[in-house]
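Protein chains in written order, with our numbering: chain A, 21 to 135; chain B, 95 to 205.
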């Protein structure tokens, strides 16, 4: 257990539905990252926050994807009008700006299946 | 971030030492080399990070030659529980806004 939690761990939804995932980072970490991982591939960066500011979101896969971190603590990732191609593991990670940004602490992930 | 190249897969037996080599020919002066381990259905876990020569912790050793164009992750006396995917990444640890993962090396340890 890294101290980063994600909820839910698994989500099955029908195509066209909206889904929202939550990430609770390690409390003293001010940076929070979202990644997506498909079978046989390494994690793919989506977006990240420093405190409540979203500093990079150009890698979000489409305008159906959005992320928030309203109070600089937990974060949510929403996918609207899900498609079968959205099926993947969604990973959250956190780290402290006082330490190495290369050392990120990952949560267990949320596995999304779109039927 | 510098691109890395590592073997797709490796096999070993329990008790053996495993060395996984990563090539990063375009590594920049400020880049560090970082390795992550990932078990099925879990997020990646940081293993070790280094800049040059040798770094050792309770899990692994990292060997980096003087030109820094490659690095070797060494796992001593592997066990079945070391079966995982291992990722090599390079980046500036104070100016990295994201980690870029390749496909990693899938290590299978047999009894």
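Every residue, glycine too, gets a C-beta built ideally from N, C-alpha and C. Note that the coordinates shown come from a computational prediction; the quantities given were computed from them, not determined experimentally.
(1) Buried or exposed for residue 204/B, going by 16 or more other Cβ atoms inside 10 Å?
(2) Check the DSSP bridge columns for residue 15/A and list the partner residues they point to.
(3) Going straight from the alpha carbon of residue 125/B to that of residue 36/A, what length do you get?
(4) Mind checking whether residue 193/B and residue 110/A have CB atoms under 9 Å apart?
(5) Going by beta carbon distance, what residues of the same chain come within less than 6 Å of residue 107/B, once the five residues before and after it are set aside?
(6) Closer than 6 Å by C-beta to residue 49/A: which residues in its own chain qualify, once you throw out the five before and the five after it? Chain order, please.
(7) Do we get a CB-CB distance below 9 Å when we pair residue 111/A with the residues of chain C?
(8) Establish whether the CB of residue 126/A and some CB of chain B are separated by less than 9 Å.
(9) Mind checking residue 123/A: buried by the 16 CB within 10 Å criterion, or exposed?
(10) For residue 93/A, which three-state DSSP category applies?
(11) For residue 75/A, decide whether its Cβ has a neighbour in chain B, counting only Cβ atoms nearer than 9 Å.
(12) Is residue 135/B close to chain A, meaning its C-beta is less than 9 Å from at least one C-beta of that chain?
(13) Going by DSSP, what residues sit across from residue 132/B in a beta bridge?
(14) Just the C-alpha distance for residue 28/A and residue 60/A, rounded to the nearest angstrom, thanks.
(15) Just tell me which of 39/A, 93/A, 101/A, 106/A has its CA closest to the CA of residue 68/A.
(16) Are the beta-carbon atoms of residue 102/B and residue 197/B separated by less than 9 Å?
(17) Going by beta-carbon coordinates alone, are residue 130/A and residue 30/A separated by less than 9 Å?
(18) Run through the region 63-110 of chain A for me and flag every whole alpha helix (DSSP H) of 4 or more residues, listed as ranges in chain order.
(19) Look up residue 174/B in the DSSP assignment and say whether it is helix, strand or coil.
(20) Using the rule of at least 16 other Cβ atoms within 10 Å of the residue's Cβ for burial, across every protein chain shown, is residue 173/B buried or exposed?
(21) Check this for me: beta carbons of residue 105/B and residue 202/B, under 9 Å apart or not?
(22) Which value, in whole angstroms, describes the spacing of the CA atoms of residue 58/A and residue 107/A?
The answer reads as follows:
(1) exposed
(2) Outside the displayed span of chain A (21 to 135) sits residue 15/A, for which this structure offers no information.
(3) 42 Å
(4) no
(5) Beyond the five residues adjoining it in sequence on each side, residue 107/B comes within less than 6 Å, by CB distance, of 204 in the same chain, given in chain order.
(6) 114, 115, 116
(7) Among the protein chains in the structure shown, which are A and B, there is no chain C.
(8) Closer than 9 Å: yes.
(9) It is buried - the Cβ of residue 123/A has at least 16 other Cβ atoms within 10 Å.
(10) coil
(11) yes
(12) yes
(13) For residue 132/B, DSSP records a beta bridge to 179/B.
(14) Between residue 28/A and residue 60/A, the C-alpha separation is close to 22 Å.
(15) 93/A
(16) By the CB criterion at 9 Å, residue 102/B and residue 197/B fall inside the cutoff.
(17) yes
(18) none
(19) helix
(20) exposed
(21) yes
(22) 8 Å
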